[in-house]
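Enquirer:
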Amino acid sequence: MKRKFIYIIGFLLINIAVLAQQSYIDSLQKEISITQNDTIKLVLLSNIARIYSETIPDSAFAFAEKELAIARRLNFKLDEGGALREMGYALMNMGNYPRSLQTLLSAMAIVDDPKSEQKVLIGKYPGDDDAATRSVTPQIQRLQELAFIHQVMGILYGNTNNYEKALFHHQEARQTAEQSGNIPLQSIINMTLGRVYLNLKKPDSALVSEQKAYDQAIQTGYKKYLGSILLNMGRIHAVRGNTQLASEYFRKALAASAEQNYFRGVVASNLLLNDFYKQSSNRDSGFHYIKDALTAAQYVNGPDLLLRSYTALADYYRAEGNNDSTVKYLSLIIKINDSLFNSKQAQQFQNIDFDEQQRQQQIETANAAYREKFRMYILK
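Set out below in structure tokens:
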């Protein structure tokens, strides 16, 4: 009965958070419809896209696309790169990995060029995020955006199980973020870097990275992703065999994610708590966590989150001998797998990745030839 009460409270809190978030977004959209200033419109569209980025990826994509059009019209290159990065992240969360990679590479090509610093918005704007502040020099803004793009590239490669490339991009992201001096941004990157180390079976490195992310979040008060940091710490302790400590971190992660309206963290925390109860032979307690996870996953409508929720439900009903419900969720799993990262998408992704490697090699060859030519000129 107690767990059922907690489940109802959790469900209500999610719905209250959704309503509050939507109310804020509605107010931003009203401002967009009123203002005649394209710069203000661009900033507001960027804010809405960022809010939707972790909740409704198709909406994030739509608003980032509008932001992109204005950025190009005003020739704000860093905002163009930022809009493309947001679109790439949304496409990844929608399960379209090849198009996500193409979009992120386009963003990288723009922001990697120092010329993108020539026309930049500088100042404090309403709704700005501390991890991507505009109240710094053009060079710092470019470094922030470049670090963000590398991080999202790292997450994308991690999602395709290419953890070596995920590590490379995260290390580039961390180094660039450190050059920018932006501590909240460093915290976010250390958070996802820890997950990469965990996938590479390096729990000690993972814990160092997550502890740094936690310390930076507390130091700056930037707690937007505190739930994910705690979640990853729980995963690390679970790998080390300390399941009780891991479960305590999962509970803290759930509370922190709910407080920050970070629904992806709500889904992941609930599913990991279900795993804890399943291992403790207490499936019924775990079942309510799965239902909570599904509620949040349905709101986000993220294919990967729905897949994980459906898989947990199919596993539960199979163990209970409920064949009808097992078949129901297995069919949903098959449907998502068919639309997610299938073999055709995998080949497209590899082709884009290979083309980019070839392009980078050609650039390096041309640069080496130029350096040699310059050296010979000096020696004359």
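First residue of the sequence shown? That's 0 in numbering that gives the first Met the number 0, and the numbers climb one at a time after it. For every residue, glycine included, the Cβ atom is placed at its ideal position computed from N, Cα and C.
Taking a contact to mean a Cβ-Cβ separation below 8 Å, would you say S246 touches F286 in this structure?
Expert: As a working note, residue 246 is residue 247 in the sequence shown. As a working note, residue 286 is residue 287 in the sequence shown. Result no, Cβ atoms of S246 and F286 do not sit closer than 8 Å.
Enquirer: Suppose you measure from the CA of A130 to the CA of N36; what does that come to, to the nearest Å?
Expert: Along the sequence shown, read from residue 1 onward, the residue named residue 130 stands at position 131. Along the sequence shown, read from residue 1 onward, the residue named residue 36 stands at position 37. The straight-line gap from Cα to Cα measures roughly 25 Å.
Enquirer: Using C-beta distances below 7 Å, list every residue in its chain close to L166, excluding the 5 sequence neighbours before and after it, in chain order.
Expert: Numbered from 1 along the sequence shown, position 167 holds the residue referred to as residue 166. Excluding positions up to five away in sequence, the list reads V195 and L199.
Enquirer: Less than 6 Å between C-beta atoms, sequence neighbours within five positions excluded: which residues of the same chain meet that for H168?
Expert: Working through the sequence shown from its first residue, we reach residue 168 at position 169. If we look at H168 and ignore the five residues flanking it on each side, its Cβ neighbours are H149, M152 and G153.
Enquirer: Quick check: the Cα distance between Y6 and N95, rounded to an integer number of angstroms?
Expert: For the purposes of this step, residue 6 is taken as the residue at position 7 of the sequence shown. For the purposes of this step, residue 95 is taken as the residue at position 96 of the sequence shown. For Y6, the pLDDT reaches just 48, beneath the cut-off of 50, and the residue's location in the model is therefore unreliable, although a value from the coordinates is still provided. Going from the Cα of Y6 to the Cα of N95 covers about 33 Å.
Enquirer: Might you give, ordered along the chain, the residues of its own chain that have their beta carbon closer than 7 Å to the beta carbon of T191, omitting 5 neighbours on each side?
Expert: The residue labelled residue 191 in the question sits at position 192 within the sequence shown. Around T191: Q150, G153, I154 and H169.
Enquirer: Extract the residue ranges of the alpha helix (DSSP H) inside the region 101-159, only unbroken runs of 4 or more that lie entirely within it.
Expert: As far as the region 101-159 is concerned, its whole alpha helix (DSSP H) runs of at least 4 residues are 137-158.
Enquirer: Along the alpha helix (DSSP H) that carries Q259, what are the first and last residues, could you check?
Expert: As a position in the sequence shown, residue 259 is number 260, starting the count at 1. Note, Q259: premise wrong, no alpha helix (DSSP H); not H, not E.
Enquirer: Flag this pair as yes or no: are the beta carbons of N269 and L244 separated by less than 8 Å?
Expert: By 1-based counting over the sequence shown, the position of residue 269 is 270. By 1-based counting over the sequence shown, the position of residue 244 is 245. No, they are not a contact pair.
Enquirer: Which complete alpha helix (DSSP H) runs does the region 36-68 hold, if anything under 4 residues is left out?
Expert: Runs of the alpha helix (DSSP H) inside the region 36-68: 37-51.
Enquirer: Mind the definition here: the region 120-135 touches the region 177-191 only if three or more C-beta pairs lie below 8 Å; say whether that holds.
Expert: Result yes; three or more Cβ-Cβ pairs closer than 8 Å.
Enquirer: Inspect the beta-carbon positions of L225 and T175 and report whether they are closer than 8 Å.
Expert: Here the question's residue 225 lines up with position 226 in the sequence shown. Here the question's residue 175 lines up with position 176 in the sequence shown. It is not a contact, given that the beta carbons lie outside the stated cut-off.
Enquirer: My understanding is that A106 touches L83, with C-beta atoms under 8 Å, so please give their C-beta distance in whole angstroms.
Expert: Translated into positions along the sequence shown, residue 106 becomes position 107. Translated into positions along the sequence shown, residue 83 becomes position 84. Their Cβ separation, rounded to whole angstroms, is 4 Å, which keeps A106 and L83 in contact under 8 Å.
Enquirer: Less than 7 Å between C-beta atoms, sequence neighbours within five positions excluded: which residues of the same chain meet that for R71?
Expert: Against the sequence shown, residue 71 aligns to sequence position 72. So the qualifying residues of the chain are E79.
Enquirer: Among G240, E64 and G220, which residue has its Cα nearest to the Cα of A255?
Expert: Translated into the one-based positions of the sequence shown, residue 255 becomes position 256. Ranking G240, E64 and G220 by Cα distance to A255 puts G220 first.
Enquirer: What is the DSSP secondary structure of F75, counted as helix, strand or coil?
Expert: Here residue 75 refers to the residue found at position 76 of the sequence shown. Correct three-state label for F75: coil.
Enquirer: Ends of the alpha helix (DSSP H) at L199?
Expert: As a first step, residue 199 must be located in the sequence shown, where it is residue number 200. Careful: L199 lies outside any alpha helix (DSSP H) and carries neither H nor E.
Enquirer: So, is D303 buried or exposed, given that buried needs 16 or more other C-beta atoms within 10 angstroms?
Expert: Stepping through the sequence shown from its first residue, residue 303 is reached at position 304. Buried is the call here.
Enquirer: Leaving aside the five residues before and after P56 along the sequence, list all residues of the same chain whose C-beta is less than 6 Å from its C-beta, in chain order.
Expert: For the purposes of this step, residue 56 is taken as residue 57 along the sequence shown, with counting starting at 1. Excluding sequence neighbours, P56 sits near A89, N92 and M93.
Enquirer: Using the Cα positions of S330 and E30, report the straight-line distance between them to the nearest angstrom.
Expert: By one-based count along the sequence shown, residue 330 stands at place 331. By one-based count along the sequence shown, residue 30 stands at place 31. Going by the C-alpha atoms only, they are around 44 Å apart.
Enquirer: Would you say E53 and R263 are within 8 Å of each other, going by their C-beta atoms?
Expert: Position 54 of the sequence shown holds residue 53. Position 264 of the sequence shown holds residue 263. Yes; because the gap between Cβ atoms is below 8 Å, this pair is in contact.
Enquirer: Is it buried or exposed, V42, if we count other Cβ atoms within 10 angstroms and call 16 or more buried?
Expert: Taking the sequence shown and counting its residues from 1, one reaches residue 42 at position 43. It is buried - the Cβ of V42 has at least 16 other Cβ atoms within 10 Å.
Enquirer: Would L103 and G81 be called neighbours here (beta carbons separated by less than 8 Å)?
Expert: Residue numbering aside, residue 103 sits at position 104 when the sequence shown is read from its first letter. Residue numbering aside, residue 81 sits at position 82 when the sequence shown is read from its first letter. No; because the gap between Cβ atoms is not below 8 Å, this pair is not in contact.
Enquirer: Can you give me the Cβ contacts of E144 inside the same chain, cut-off strictly under 6 Å, excluding the 5 residues immediately before and after it?
Expert: On the sequence shown, residue 144 is found 145 positions in, with the first residue counted as 1. Here the set comprises L77, G80, G81 and V110.
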